[in-house]
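Here the structure comes first, spelled out in structure tokens, and everything after it is commentary.
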Amino acid sequence: MGKTGKIVTIILWALIIVSVILLVSLIVNVNNEVDTDPAMLSWVNTNLIWAYILVAIGAGVAILSGLFHMFTDKKAAKNGIISLVFLGVVGLIAYLMASPEIPQFIGVDKFLADGTLNERVAKLTDTGLYATYILLGLAVLSVASSSVMRLFR
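For the sequence shown, counting from 1, position 131 maps to 425 in the working numbering; every step adds exactly one.
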């Protein structure tokens, strides 16, 4: 194991130790009065913040390793750019299909009054829904077509 491997192992063990200490501290201090006990709320908040930190570290490492791999391998760079263009096309199609019409539901007046729901928010929400539907449909088609193709091999 090289120097980088040792450093990564030490960092991972440090993260595990901190996580275990926080988790054990939370479990030891658990009581039924989560809403009223400030010490319990403090332990819950501390563990949530630590979870956010771990997610940020994981996401950062994933993004950096992907970028490093993309810059060192030309085929990976080409595949990455093709994937980004595909996602951009799906996003554009979803945006063009989306409607800025504000949906009518019980309590919509409250959201309109405080400004959290407007035409822009409705259009972006619609875009996200259509993008999800398109990607789900493509995933189902991909699974079905790969099963059918396997039959003919």
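All residues carry an ideal CB built from backbone N, CA and C; glycine is no exception. All figures in this text were calculated on a predicted structure; none of them were measured in a lab.
Whole-angstrom distance between residue j and residue i, CA atom to CA atom
i, j, result
"Val415", "Gly409", "10 Å"
"Ser377", "Gly360", "13 Å"
"Ile304", "Ile310", "10 Å"
"Val302", "Leu411", "45 Å"
"Leu357", "Gly385", "The residue asked about is misnamed: residue 357 is Ile in this sequence, not Leu. So the two alpha carbons sit approximately 21 Å from each other."
"Asp420", "Ser436", "24 Å"
"Ile428", "Ala388", "8 Å"
"Asp331", "Gly422", "39 Å"
"Ser336", "Tyr346", "15 Å"
"Asn325", "Lys300", "40 Å"
"Met443", "Asn339", "51 Å"
"Pro397", "Leu406", "11 Å"
"Lys372", "Val383", "17 Å"
"Val314", "Val349", "16 Å"
"Thr298", "Gly352", "17 Å"
"Ser252", "Thr366", "Nothing in the structure corresponds to residue 252, since the chain is present only between 295 and 447."
8 Å Cβ shell around residue i - same chain, five flanking residues per side excluded
i, result
"Leu418", "Ala392"
"Leu390", "none"
"Leu341", "The displayed chain sequence assigns Asn, not Leu, to residue 341. Here the set comprises Leu316, Leu317 and Leu320."
"Val312", "Trp344"
"Arg447", "none"
Neighbourhood of residue i by C-beta, 6 Å cutoff - its chain only, sequence neighbours within 5 removed
i, result
"Glu413", "Pro394"
Same chain, Cβ closer than 7 Å to residue i, five either side skipped, listed in chain order
i, result
"Val380", "Just to set this straight, residue 380 is Phe in the shown sequence, not Val. None."
"Ala370", "His363 and Met364"
"Ala425", "Val384, Gly385 and Ala388"
Whole-number beta carbon distance between residue j and residue i, since they are thought to touch under 8 Å
i, j, result
"Asn323", "Ala308", "Actually they do not touch by this definition, with Cβ atoms about 23 Å apart."
"Gly374", "Met364", "5 Å"
"Trp344", "Leu316", "5 Å"
Proximity test, residue i beta-carbon vs the ligand FMN heavy atom, cut-off 7 Å
i, result
"Met364", "Because no ligand of any kind appears in the structure shown, any question about the ligand FMN cannot be addressed here."
Stretch-stretch touch, CB-based, cutoff 8 Å, three pairs: the stretch 428 to 439 with the stretch 396 to 405: The stretch 428 to 439, when compared against the stretch 396 to 405, does not touch it at the 8 Å Cβ threshold.
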